[in-house]
Each structure stands twice: as structure tokens, then as C-alpha cells.
Amino acid sequence: MADVALRKVVKRYDDVEAVRGIDLDIADHEFIVLVGPSGCGKSTTLRMIAGLEDISDGDIMIGGDVVNDVPPKDRDIAMVFQNYALYPHMTVAENMSFGLRLKHYPKAEIKARVTEAARLLDITDLIDRKPKQLSGGQRQRVAMGRAIVRNPKVFLFDEPLSNLDAKLRVQMRIEIKKVHQKVRTTTVYVTHDQVEAMTLADRVVVMNKGRIEQIGTPNELYHKPATRFVAGFIGSPAMNFIPCRLEDSGGKLNIRLTDRISFPLPPARAGRYNALPRTDKLLLGVRPEHLTESNAHLEPGVETFDTVLDVTEPMGMETLVYFGLDGTPVCGRVNPNAGAKDGAPMRLAMDLNNMHLLNEETGVVL
Amino acid sequence: MSTIAIDKAGPTRKLGSMSRDRTWALRWSYFFLVLFAIFFLTPPLYMVITSLKSSAEISAATNPWWVFHPTLANYVELLTSSQFLRFFWNSTIVSLVVVLVTMLISIPAAFALARMKFWGSTTLATGVFLTYLVPDSLLFIPLFKMLALVQDITGITLLNRWYVLLFVYPTLTVPFCTWIMIGYFASIPKELDEAAIIDGASWLQTLLRIFIPVALPGLIAATIFAFTVSWAQFLYPLVFTTSIDQLVLPVGITTTLIKGDVFNWGQIMTGALLGAAPPLIIYAFLMDYYIAGLTAGATKG
Numbered sequence: 001m002a003d004v005a006l007r008k009v010v011k012r013y014d015d016v017e018a019v020r021g022i023d024l025d026i027a028d029h030e031f032i033v034l035v036g037p038s039g040c041g042k043s044t045t046l047r048m049i050a051g052l053e054d055i056s057d058g059d060i061m062i063g064g065d066v067v068n069d070v071p072p073k074d075r076d077i078a079m080v081f082q083n084y085a086l087y088p089h090m091t092v093a094e095n096m097s098f099g100l101r102l103k104h105y106p107k108a109e110i111k112a113r114v115t116e117a118a119r120l121l122d123i124t125d126l127i128d129r130k131p132k133q134l135s136g137g138q139r140q141r142v143a144m145g146r147a148i149v150r151n152p153k154v155f156l157f158d159e160p161l162s163n164l165d166a167k168l169r170v171q172m173r174i175e176i177k178k179v180h181q182k183v184r185t186t187t188v189y190v191t192h193d194q195v196e197a198m199t200l201a202d203r204v205v206v207m208n209k210g211r212i213e214q215i216g217t218p219n220e221l222y223h224k225p226a227t228r229f230v231a232g233f234i235g236s237p238a239m240n241f242i243p244c245r246l247e248d249s250g251g252k253l254n255i256r257l258t259d260r261i262s263f264p265l266p267p268a269r270a271g272r273y274n275a276l277p278r279t280d281k282l283l284l285g286v287r288p289e290h291l292t293e294s295n296a297h298l299e300p301g302v303e304t305f306d307t308v309l310d311v312t313e314p315m316g317m318e319t320l321v322y323f324g325l326d327g328t329p330v331c332g333r334v335n336p337n338a339g340a341k342d343g344a345p346m347r348l349a350m351d352l353n354n355m356h357l358l359n360e361e362t363g364v365v366l
Numbered sequence: 367m368s369t370i371a372i373d374k375a376g377p378t379r380k381l382g383s384m385s386r387d388r389t390w391a392l393r394w395s396y397f398f399l400v401l402f403a404i405f406f407l408t409p410p411l412y413m414v415i416t417s418l419k420s421s422a423e424i425s426a427a428t429n430p431w432w433v434f435h436p437t438l439a440n441y442v443e444l445l446t447s448s449q450f451l452r453f454f455w456n457s458t459i460v461s462l463v464v465v466l467v468t469m470l471i472s473i474p475a476a477f478a479l480a481r482m483k484f485w486g487s488t489t490l491a492t493g494v495f496l497t498y499l500v501p502d503s504l505l506f507i508p509l510f511k512m513l514a515l516v517q518d519i520t521g522i523t524l525l526n527r528w529y530v531l532l533f534v535y536p537t538l539t540v541p542f543c544t545w546i547m548i549g550y551f552a553s554i555p556k557e558l559d560e561a562a563i564i565d566g567a568s569w570l571q572t573l574l575r576i577f578i579p580v581a582l583p584g585l586i587a588a589t590i591f592a593f594t595v596s597w598a599q600f601l602y603p604l605v606f607t608t609s610i611d612q613l614v615l616p617v618g619i620t621t622t623l624i625k626g627d628v629f630n631w632g633q634i635m636t637g638a639l640l641g642a643a644p645p646l647i648i649y650a651f652l653m654d655y656y657i658a659g660l661t662a663g664a665t666k667g
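For the record, the sequence lines run as chains A and B. Its first residue numbered 1, the first sequence is counted upward by one per residue in our numbering. Its first residue numbered 367, the second sequence is counted upward by one per residue in our numbering.
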């Protein structure tokens, strides 16, 4: 087990920069998830930590040692691939023990480790089967088992659940979390699925276009996104971004969304945004769950407005409502009993205590 | 049995015109398959018939498609002639060694060209295939000149020795086998060798313990190809070997059993049939692997 550090790591392919100077410190035992859209450099970063890709610039350290030029087999890491990459001609036990056998571990120890890992992953019954006799979820367990038996310094996961169906993915997600709670090996996990990132990670690293947008705990990213990209990427349905401007009216700071709709800001927010120039092009960021049906008891900072719904999506425990504000599509989440109907007018409440204000040009959350 | 038949018939009956199309497609395919089978099996049949006749019956004006006095004399004569056994032995040893040499060169070459991306590897891979396209009828003269030169310089007798074929045949087998195996190795997911490398395997260990077992059908296909080419090669042994005791089977049969304009048909047919037996037996046992190997690129292994 060890900590991992990346210092100004760059990856260039000919004239394209896939990773543009990444700094990242991963503590011992930590579960870090790299998340971002495809092509953001997350997989490349993982492969550079594994040693499968050379780094163009910067340093990668595992356990305090610079490993830039150390081949993968000497980095003491284990990796789980999206397509499992099990050796098709070997049984489950042989697959799991391959690394140990290459290193000439004593037979008894190999057997003990494989048995232990199989027990941990609940695949003891499958130990003599070939990969093609296994289901996707079972294969993924074997791939994890192969990583666990090596007892490496670092686990690397490259979108391990993307090939599984939705139900199994949720199940395996919990499984991975349980395994990490027991094994406590430093883990770097790559995914494009923000739900996976939020549920698994101690800290999430959101990447975009080869750069790190923000590093933080799942809650930090959700409640205090640093940029428009993070705000829009984390959370589903995504955060609404509504063009707005700040106005002073009657000694109070107001936020104007449309000609019709303008709300006074709650005092805490007003104090924070007061210094902003009034001319700036601004975006109001508000999550769908902070746009709900209006009810009799409104908290301070919650403001109501009337709109006409375009489309409603009943999800069971909630209903998603879609409407437009001066042409900007907006999504809200209302109680299924609130009577939301396609094309019907509805009074909605916006919780401004949980609002975000963004600079439209720079995308920075103010 | 009956339930299976019902299961199969059920959906086809529902599909209507689709099933009618399918039935006709099947009929046509059987029609042509039978046609081809007749076309290709008639010569061997004729060979079997002729090999069972005595020379007198062959030259007699009886029905050539029927044996009136079957005899195994041709077989007995050939199998007891030291000459024929010598050809057989030469062919066997040449083919087996060539297969071995081919595999020892082709497997590492294909692995390197498929997986280790180095400068010029793609061009080299194409180049390997292009060399296969040059016909042996163009190559035999320069090859002969080259080997004569080597013989002159080193003083080792190469020409008119059966073992010269061990140097010549791989020029035919190595490019093609390398090419098949590049394709086969390329179809193995990249993650598989990455997993092996992370597990601590060297390139050689990855090749020996992952690639060769996984690509076994492809390797068997390549092996069969190399064996068949070596076994059936005619031009090179005809050019490079002349003494009777150095000949391989195809050349041996034609040079010893045709004397001037006298054709010993019974023994020629018998020799050809016996010579065709080893590849036939190998194909029969490894056919499934051979087909799996040749169609490997189509589906992901």
C-alpha cells in the first residue's frame, strides 16, 4: 500500500496534448475516482500511472519513488480492465494466480491467497471454470480477484463496470466498495459515470479536456462546484443554467431571470454577490431538486413563480417537469402528487439558498 | 428428437416467404456442393481405380472406370521399393523440419509485428506479405545462384542435397504464416497482454503463456499450411535436387516412374495416393482448427 502523486504530468500524442499538466496527490488507502467525458484524459492518466503509457513530461510517484521509467511489472500495481481481460485458456484459479506464479511464489501461499480472494469475492464455486463459462459480473469478480491476490500497492480500475447491465452495475458498485473497505488498498478508479464516481469515491477528480476541473469529496463537488463544467457534469438531471442579471431595487439585491421574473436574493447570498459588477453576463445555476412545487409554507429564500410546463416525466418517487424561461429549457423535480401535467400551468418554487452564480464567459462559479 | 424437429419447424413456418427463400437457398447450395464434390472427387476416384489395376489391364481397352481383376501389386511393389520409401522419408523429414523452422521464425515475427509498435513495423508487415506474392517460378533461378555462391564460399555442399530444401522452403512458408498470425495476434484484445505485463510477464512470457495458447487455432492453421506447402512443393526440389537418393516424393514419383515416354500409370497413381495420405489425415483431424484459424479475423476471439 502506498500513496500516489502526480506532478505536472503531461501526455502528448504527436501534436495533440491528451493530458495537460496534472497535479494530484492520492493518500494511502484512499479511493480516488477520475471522472469526465470521453476524451478528457482520465484513462490516459490511469494508464500512465500503470506504466502502460509513457509520460511526456512531469513525474509520477508511487510510495514516494519516482516511477517514470519503471516498467509496469515493477510498479507493484494491479489493474482491472473494462473488458475484464481474463486469460481465456486459464481457469479462474489460474487467472488469479498467474502473477504470483510468474514471481515463483510458493504453491501453498498461492493457494491460500487465491482461496482467500475467492472467498472475499464470493466466487469459490467458480474456481475451476474457464472465463467463457462465467457471466459478466462473475468475470468482473475474477478480474478483481486477480488484482487482490497480488496484494499490490495500488489498484487501478479502468471503467470496470461499463460492460455490465444497469442492475448488475449497481450491485458490483456496492461490491467494489465493500472490497475496498476490507482490503483498504489505495485505489484509482476511472469512469465516465458520475453516479459511480459519487458513490464510490473518497474524493472525486473531475477532468475535462486534459485538465483537472476540480478535486473534492462527492458532497463538495455537488454542493460547491468550482466551474460550470463540474456543476453541469455532477448530478442527474443536470443543473439548470439560466441567463440572469443582478439588479439593485429598493436597497436590496435582486436577481432578474426574465422581464417578468425577478427575485430578491437571500441576505447571505446578497452579501456575497454585492460586489459583482451589475453588467456582467451571469448564469444562475440551480439544481432541479431546488425547483419544486410551491406550497403554503415557504422557507425564507424560497421564491415562487408561475410557468407553463412543456413536458412532464413521472419517475415514480418524483416527477420531472420541463419548461422554458425566455427560451432556456429548465428542469424541475416536483412531488408526484403535485398535479403536474403536460402543457398545464403550474406554480413552482425556487430555493435560492442553494443557488449558484456563474460567470457566463469564464464558466467560473462566483 | 421429435421435439427438436418441432422447435426448428415452428418459427420457419411462421416466417412464410422468408422460409421459402431459405429452403431454396439450401437446395441451391446443396446442388452446387454436390456438383463441386463430383468435380473434385472424380480424379482421386480414378486414381484409386487405376492403382488397383495391373499394367496389362490399364493398357487393355476395358471400361477405365471399373476394376475387373483388382490387385494390390502396385502398393506392394512401391512399399517394398527402397527408392519410394527413401522419397517418403525425405519428404517427411523436410516437411517436419520446415514446419518447425517456419514456426520458430513466424511466431516471434508475427508477435513483434502485431504488438511491438516500432519504427517501420507496419511497412515491414506489408512487406512480409508482398514477398509471398512473388511466384516461386521467378525466384528459383536467383535462389539457385545464391545457394551456389554460398556453396562456393563456405565449401559446404548444398546443391543436390535434400537439406538444401530446408533453406529454400521457408522462403515460401514464413511470409504467409507470419501474415496469418499477425492477423490472428491482432485480433487478441490489447488488454490481454497489458494485463499480462502488469501481472509481471516479460514479452517472451506473454508470447509463450498467453498468445500461443490463445492463438492456438491460428497456429495450427499456419502449421497445416506450412506442412502442405512443403509436402506438395514441386518446382524447388526439381531444380535443387537431382540424385535419386536426394529426391522428395512429388519429384521422385515423376522422375523414377516415367521412363522416357513410358508411363508406369499404376505405380504413379499409387504413389500419388500414398503421397496424398499424410496431408489428408492431418486435415481430417485438424479441420475444425484450420477453419477457425482462417476465419479468426472475422470475429473477436
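Note that beta-carbon positions come from the ideal geometry of N, C-alpha and C, so glycine has one too.
Bounding residues of the alpha helix (DSSP H) (the contiguous stretch that carries residue i)
i	result
Gly549 (chain B)	536-552
Leu86 (chain A)	No alpha helix (DSSP H) holds Leu86 (chain A); DSSP gives it neither H nor E.
Lys177 (chain A)	166-183
Met563 (chain B)	The sequence shown places Ile at residue 563 (chain B), not Met. 556-564 is the span of the alpha helix (DSSP H), which, as asked, contains Ile563 (chain B).
Asp502 (chain B)	502-520
Gly618 (chain B)	615-623
Ala117 (chain A)	107-121
Neighbouring residues, chain B, relative to residue i (Cβ below 8 Å)
i	result
Pro106 (chain A)	What Pro106 (chain A) touches in chain B: nothing, since even the nearest Cβ is about 16 Å away.
Phe388 (chain A)	Residue 388 (chain A) cannot be examined here, being either before or after the span of chain A that is shown, 1 to 366.
Inter-residue Cα distance where the pair is residue i and residue j
i	j	result
Ser56 (chain A)	Ile215 (chain A)	23 Å
Arg139 (chain A)	Val206 (chain A)	28 Å
Ala664 (chain B)	Ile148 (chain A)	Caution applies to Ala664 (chain B), whose pLDDT of 40 falls short of 50 and renders its modelled position unreliable; the value that the coordinates give is listed next. One C-alpha to the other measures close to 35 Å.
Val315 (chain A)	Leu574 (chain B)	Looking at the sequence provided, one finds Met at residue 315 (chain A) rather than Val. One C-alpha to the other measures close to 54 Å.
Met79 (chain A)	Asp158 (chain A)	7 Å
Val154 (chain A)	Thr186 (chain A)	5 Å
Gly232 (chain A)	Leu291 (chain A)	16 Å
Leu6 (chain A)	Gly363 (chain A)	26 Å
Pro345 (chain A)	Glu213 (chain A)	39 Å
Thr328 (chain A)	Leu366 (chain A)	21 Å
Glu175 (chain A)	Tyr84 (chain A)	16 Å
Lys666 (chain B)	Ser135 (chain A)	Note that Lys666 (chain B) scores a pLDDT of 37, beneath 50, so its modelled location is shaky; the value from the coordinates is reported in the next line. If I take the Cα positions, the gap works out to 18 Å.
Phe31 (chain A)	Ala201 (chain A)	5 Å
Leu401 (chain B)	Tyr87 (chain A)	44 Å
Gly51 (chain A)	Pro71 (chain A)	6 Å
His223 (chain A)	Tyr273 (chain A)	17 Å
Supposed contact pair residue j and residue i - C-beta distance, whole angstroms, cut 8 Å
i	j	result
Leu276 (chain A)	Leu265 (chain A)	About 11 Å separates the two Cβ atoms, so there is no contact after all.
Ser417 (chain B)	Gly632 (chain B)	6 Å
Leu504 (chain B)	Phe606 (chain B)	Wrong, their Cβ atoms sit about 16 Å apart, outside the cutoff.
Met144 (chain A)	Leu168 (chain A)	About 14 Å separates the two Cβ atoms, so there is no contact after all.
Met350 (chain A)	Val302 (chain A)	7 Å
Ile546 (chain B)	Ala587 (chain B)	6 Å
Counterpart residues of residue i in DSSP-defined beta bridges
i	result
Met144 (chain A)	DSSP output for Met144 (chain A) lists no bridge partner at all.
Pro410 (chain B)	The partner list for Pro410 (chain B) (beta bridge, DSSP) is empty, contrary to what the question assumes.
Gln214 (chain A)	A:Val206
Run of the beta strand (DSSP E) containing residue i, from where it starts to where it stops
i	result
Gly58 (chain A)	57-62
Met198 (chain A)	Where Met198 (chain A) is concerned, there is no enclosing beta strand (DSSP E), although the alpha helix (DSSP H) it sits in stretches over 194-200.
Glu313 (chain A)	302-314
Leu161 (chain A)	Run containing Leu161 (chain A): none; DSSP gives neither H nor E here.
Gly376 (chain A)	Residue 376 (chain A) is absent from the structure shown; chain A starts at 1 and stops at 366.
Leu418 (chain B)	Note, Leu418 (chain B): premise wrong, no beta strand (DSSP E); not H, not E.
His356 (chain A)	356-359
Arg12 (chain A)	4-13
Glu247 (chain A)	240-249
Thr191 (chain A)	186-191
Glu264 (chain A)	The sequence given here places Pro at residue 264 (chain A); Glu does not occur at that position. Taken as a continuous stretch (DSSP letters only), the beta strand (DSSP E) holding Pro264 (chain A) covers 262-264.
Under 7 Å from the C-beta of residue i: neighbouring residues of chain B
i	result
Pro88 (chain A)	Val580
Ala50 (chain A)	Ile564
Lys11 (chain A)	Near Lys11 (chain A) there are no residues of chain B at all, since even the closest Cβ is about 16 Å away, more than 7 Å.
Pro72 (chain A)	Ile563, Ile564
Gly99 (chain A)	Asp565, Gly566
Per-residue contacts from residue i into chain B (C-beta, under 9 Å)
i	result
Ala78 (chain A)	Ile564, Asp565
Pro131 (chain A)	Within chain B, no residue comes near Pro131 (chain A); the closest Cβ sits about 11 Å away, beyond 9 Å.
Gly216 (chain A)	Within 9 Å Cβ-Cβ: nothing; Gly216 (chain A) doesn't reach chain B, min ~29 Å.
Chain A residues whose Cβ lies nearer than 9 Å to that of residue i
i	result
Gln571 (chain B)	Leu102
Contact list for residue i against chain A, beta-carbon separation under 7 Å
i	result
Ile576 (chain B)	Tyr87
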